[in-house]
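Each remark here refers to the structure printed beneath this line.
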Amino acid sequence: MSGFEDFAFKYIRFILISTIVMLLIVSGEKIGLVIDKKQSSETQTYAIVEDKYTDTHMAGGVLVTNYYIEVKIGDQKKPEKIQITYEQYQVISKGSKVLCTIYYKKDKIVDVELATTHRKE
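76 is the number that the numbering used here gives to position 52 of the sequence shown; each next residue is one higher, with no gaps.
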């Protein structure tokens, strides 16, 4: 192999290994959260939207926008961050009440999601 081919091969191998390691770290966190949710209790309550914002970043050369709201749950000092869809972001405003599903374990909040309702049409 020429010097350039050797460099390209090492560079591609480095990128692949780095990507695999990153995916393993991220998936490990997600798996841990899923296990925590399955082993936790859940309840639904209305919470007040304290703030809403977007986070835009590049992913694979494409702009990706994530939408978030922060809700105040009960007597908690720190608001909980919830990722929502674009459509939800458009209709939810600051100060409005939203139905949330709260997952908790040993009186500690594990996760908070925007609750979904199931209606018959």
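Backbone N, C-alpha and C fix where the C-beta goes; we use that ideal spot for every residue, glycine too.
DSSP places A32 within a helical segment (H, G or I) once states are collapsed to three. Taking all protein chains shown into account, V86 has fewer than 16 neighbouring C-beta atoms within 10 Å of its C-beta and is therefore exposed.
In this model, L138 and A83 are separated by some 25 Å (Cα to Cα). With the rule of 3 Cβ pairs closer than 8 Å, the stretch 116 to 125 counts as touching the stretch 88 to 105. In this structure, the beta-carbon distance from Q63 to N90 does not fall below 7 Å. V45 counts as exposed, since fewer than 16 other beta carbons sit within 10 angstroms of its beta carbon. Contact between V136 and E104 holds, with the beta-carbon distance rounding to 4 Å and staying under 8 Å. Counting the other CB atoms within 10 Å of its CB gives A71 a total of 16 or more, which places it among the buried residues. Going by beta carbons, S42 and V73 fall outside the 7 Å limit.
Per the DSSP secondary-structure output, T89 pairs in a beta bridge with T80.
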